[in-house]
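Participant: Encoded as C-alpha cells, here's the structure I'll be asking about.
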Amino acid sequence: NAGVTQTPKFRVLKTGQSMTLLCAQDMNHEYMYWYRQDPGMGLRLIHYSVGEGTTAKGEVPDGYNVSRLKKQNFLLGLESAAPSQTSVYFCASSRDSLNQPQHFGDGTRLSIL
Amino acid sequence: AQKITQTQPGMFVQEKEAVTLDCTYDTSDQSYGLFWYKQPSSGEMIFLIYQGSYDEQNATEGRYSLNFQKARKSANLVISASQLGDSAMYFCAMRTNNNDMRFGAGTRLTVKP
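Residue numbers (the numbering used here), protein chains in the order written: chain A, 342 to 454; chain B, -17 to 95.
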C-alpha cells in the first residue's frame, strides 16, 4: 500500500546546482501533480500531467521542468537551483475525473543555499 | 483566473464544539470541484470532503460537512464535535475542467481541551 512515494525526503543544494525529484504512484492514476508549499501561501501548482507523455504548466512553472515518460512516474527537475526555490515539494496523483481527490506523497524538503 | 480565499489564518474552538472554516472561490467555469484537506503537524495531506458544482445537496462525511452556497461562491467546512486531534492546518482547494488545481492559504485550527 505504498500510494504516492517521493524521493528524496530531504535535500540541500547549492545555488546553481541541478537535481531531479522523483514521484512514483502505484494506483494506476492518470493524473499527476507537483506543488510547492511555502509558509503562509498554501500549495501552489507547478506542473501537472493528465497522462503518460503529457505535461502542462500550473500556477508557478518558471525554473522547473517535468517529464512523464511512464504512467507511474512524474519527475520534477531544477536545472539551476535558486534560493527562492527553497520549499517543501509535494507530489499528488488522482483518477481522471473532476470529482476525484488527490492522493499526496509525504513531501520533499528542499533547501537551496 | 481561478482563486481560492481563506480569510481566517487561525481559529480556536473548544473541544466538543462545532467550528466553521471559511472558503470563498472565484472561477468563470460552470463545472468545478471543491475539496477540503487537512494537514497535521506531521505534514501529510489528508482528503476530507468533496463538493461538485452541480451537486444540489451539501456534502457530508462523518463529522465533516460542507456548507455550499453557489451564488455566494462559498464552500465553508463545518466540523462538528471537535476533537483534540482536529488541530491542524485546513486547506480549501478547487479543480476546474482543465485540471488546474488552486489551494487557499489555509486556516490553522486549534482545539482547546
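Glycine included, C-beta positions come from ideal geometry on N, C-alpha and C. Note that the structure is predicted; figures quoted are calculated from it, not measured.
Could you tell me the boundaries of the beta strand (DSSP E) in which A/L362 lies?
Facilitator: Residues M360 to Q366.
Participant: Taking only heavy atoms of the ligand FAD into account, decide whether any of them is closer than 7 Å to the Cβ of B/S10.
Facilitator: As presented, the structure is devoid of all ligands, the ligand FAD included, so that no description of it is given.
Participant: Got a sec: which bits of the stretch 428 to 453 of chain A sit with their beta carbon under 8 Å from any beta carbon on chain B, in order along the chain?
Facilitator: V429, F431, A433, L439, N440, P442, Q443, H444, F445, D447 and G448
Participant: Taking C-beta pairs closer than 7 Å, name the residues in chain B that A/Y372 reaches, listed in chain order.
Facilitator: Simply N81.
Participant: Would you mind reading off the limits of the beta strand (DSSP E) that contains B/Q21?
Facilitator: Here the beta strand (DSSP E) through B/Q21 covers Y14 to Q21.
Participant: Please report how far the alpha carbon of B/K(-2) lies from the alpha carbon of B/T92, in whole angstroms.
Facilitator: 12 Å
Participant: What is the DSSP secondary structure of B/Q(-16), counted as helix, strand or coil?
Facilitator: B/Q(-16) falls in the coil class under three-state DSSP.
Participant: Using a Cβ-Cβ cutoff of 8 Å, what residues of the stretch 380 to 393 of chain A are near chain B? List them in chain order.
Facilitator: G381, M382, G383, L384, R385, L386, Y389 and V391
Participant: If you draw a straight line from the C-alpha of A/A365 to the C-alpha of A/N440, how long is it?
Facilitator: Cα to Cα, the separation comes out at about 22 Å.
Participant: Which residues in chain B have a C-beta closer than 8 Å to the C-beta of A/G399? List them in chain order.
Facilitator: D82 and M83
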